[in-house]
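Residue numbers (our numbering): 71 to 179.
Heads up, the beta-carbon is just placed ideally off N, CA and C, and yes, glycines get one too.
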(Lines of atoms letter the chains of each structure in order from A; the text may use other names.)
(Lines give C-alpha, C1' and ligand atoms only; values in the text may rest on other atoms or scores of the structure.)
Protein backbone atom coordinates (compact mmCIF):
# COMPACT_ATOMS: atom_id res chain seq x y z
CA UNK A 71 0.00 0.00 0.00
CA UNK A 72 1.22 3.48 -0.87
CA UNK A 73 0.64 6.76 0.92
CA UNK A 74 -0.68 8.78 -1.98
CA UNK A 75 -0.15 12.19 -0.34
CA UNK A 76 3.58 11.44 -0.22
CA UNK A 77 3.81 10.43 -3.89
CA UNK A 78 5.43 13.06 -6.10
CA UNK A 79 3.33 11.88 -9.03
CA UNK A 80 0.14 12.56 -7.06
CA UNK A 81 1.37 16.01 -5.98
CA UNK A 82 2.27 16.95 -9.55
CA UNK A 83 -1.01 15.65 -10.95
CA UNK A 84 -2.98 17.62 -8.37
CA UNK A 85 -1.19 20.82 -9.36
CA UNK A 86 -1.70 19.95 -13.04
CA UNK A 87 -5.43 19.57 -12.38
CA UNK A 88 -5.57 23.07 -10.90
CA UNK A 89 -3.75 24.42 -13.95
CA UNK A 90 -6.31 22.77 -16.24
CA UNK A 91 -9.14 24.41 -14.29
CA UNK A 92 -7.44 27.81 -14.59
CA UNK A 93 -6.86 27.33 -18.30
CA UNK A 94 -10.38 26.15 -19.11
CA UNK A 95 -11.96 29.02 -17.21
CA UNK A 96 -10.86 31.15 -20.18
CA UNK A 97 -12.44 28.87 -22.81
CA UNK A 98 -15.51 30.10 -24.71
CA UNK A 99 -18.82 29.62 -22.89
CA UNK A 100 -19.95 27.42 -25.78
CA UNK A 101 -17.33 24.87 -24.68
CA UNK A 102 -18.69 24.58 -21.14
CA UNK A 103 -20.08 21.11 -21.88
CA UNK A 104 -17.46 20.26 -24.50
CA UNK A 105 -13.71 20.54 -24.13
CA UNK A 106 -13.92 22.37 -20.81
CA UNK A 107 -15.87 19.55 -19.20
CA UNK A 108 -13.77 16.82 -20.84
CA UNK A 109 -10.46 18.38 -19.80
CA UNK A 110 -11.60 18.97 -16.25
CA UNK A 111 -12.99 15.47 -15.78
CA UNK A 112 -9.88 13.84 -17.20
CA UNK A 113 -7.58 16.03 -15.10
CA UNK A 114 -9.47 15.16 -11.90
CA UNK A 115 -9.25 11.50 -12.89
CA UNK A 116 -5.45 11.47 -12.70
CA UNK A 117 -4.85 12.27 -9.01
CA UNK A 118 -8.07 10.47 -8.09
CA UNK A 119 -6.98 7.19 -9.69
CA UNK A 120 -3.52 7.48 -8.16
CA UNK A 121 -5.13 7.92 -4.73
CA UNK A 122 -7.58 5.07 -5.26
CA UNK A 123 -4.90 2.76 -6.61
CA UNK A 124 -2.64 3.52 -3.70
CA UNK A 125 -5.17 1.96 -1.36
CA UNK A 126 -4.81 -1.43 -3.03
CA UNK A 127 -2.80 -4.06 -1.26
CA UNK A 128 -0.79 -5.25 -4.26
CA UNK A 129 1.49 -3.39 -6.62
CA UNK A 130 -0.25 -5.18 -9.50
CA UNK A 131 -3.55 -3.53 -8.56
CA UNK A 132 -1.84 -0.17 -8.10
CA UNK A 133 -0.25 -0.50 -11.56
CA UNK A 134 -3.68 -1.17 -13.06
CA UNK A 135 -4.87 2.18 -11.70
CA UNK A 136 -1.74 3.83 -13.10
CA UNK A 137 -2.66 2.43 -16.54
CA UNK A 138 -6.06 4.10 -16.23
CA UNK A 139 -4.29 7.28 -15.17
CA UNK A 140 -2.05 7.12 -18.22
CA UNK A 141 -5.12 6.89 -20.43
CA UNK A 142 -6.47 10.08 -18.88
CA UNK A 143 -3.12 11.82 -19.37
CA UNK A 144 -3.12 10.90 -23.07
CA UNK A 145 -6.73 12.04 -23.34
CA UNK A 146 -5.76 15.42 -21.89
CA UNK A 147 -2.79 15.79 -24.21
CA UNK A 148 -5.08 15.16 -27.20
CA UNK A 149 -7.70 17.60 -25.94
CA UNK A 150 -5.08 20.27 -25.33
CA UNK A 151 -3.78 19.84 -28.87
CA UNK A 152 -7.33 20.21 -30.18
CA UNK A 153 -7.75 23.32 -28.00
CA UNK A 154 -4.56 24.70 -29.53
CA UNK A 155 -5.83 23.90 -33.05
CA UNK A 156 -9.04 25.78 -32.26
CA UNK A 157 -7.08 28.75 -30.87
CA UNK A 158 -8.55 28.34 -27.39
CA UNK A 159 -5.00 28.21 -26.08
CA UNK A 160 -1.89 29.79 -27.51
CA UNK A 161 0.82 28.24 -25.37
CA UNK A 162 1.99 24.67 -25.43
CA UNK A 163 3.19 24.80 -21.81
CA UNK A 164 0.44 22.59 -20.39
CA UNK A 165 0.86 20.18 -23.28
CA UNK A 166 4.48 19.75 -22.22
CA UNK A 167 3.36 19.33 -18.61
CA UNK A 168 0.95 16.60 -19.65
CA UNK A 169 3.75 14.81 -21.51
CA UNK A 170 5.97 15.02 -18.43
CA UNK A 171 3.17 13.64 -16.29
CA UNK A 172 2.67 10.76 -18.73
CA UNK A 173 6.36 9.96 -18.57
CA UNK A 174 6.25 9.97 -14.76
CA UNK A 175 3.33 7.54 -14.85
CA UNK A 176 5.10 5.24 -17.32
CA UNK A 177 8.35 5.27 -15.34
CA UNK A 178 6.71 4.79 -11.95
CA UNK A 179 7.95 1.51 -10.39
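Could you pull out every residue in the same chain whose Cβ sits closer than 7 angstroms to the Cβ of residue i, ignoring the five residues on either side in sequence?
{"i": "residue 117", "result": "80, 83, 84, 87"}
{"i": "residue 122", "result": "135"}
Along the chain, where does the alpha helix (DSSP H) that runs through residue i open and close?
{"i": "residue 150", "result": "129 to 155"}
So, with DSSP's three-state summary, where would you put residue i?
{"i": "residue 171", "result": "helix"}
{"i": "residue 125", "result": "coil"}
{"i": "residue 82", "result": "helix"}
{"i": "residue 161", "result": "coil"}
Report, in whole angstroms, the separation of the C-beta atoms of residue i and residue j, which I expect to be a contact under 8 angstroms.
{"i": "residue 150", "j": "residue 140", "result": "Rounded, the Cβ-Cβ distance is 16 angstroms, inconsistent with contact."}
{"i": "residue 112", "j": "residue 142", "result": "5 angstroms"}
What does a CB cutoff of less than 8 angstroms around residue i pick up in its chain, not counting 5 residues either side in sequence?
{"i": "residue 145", "result": "108, 112"}
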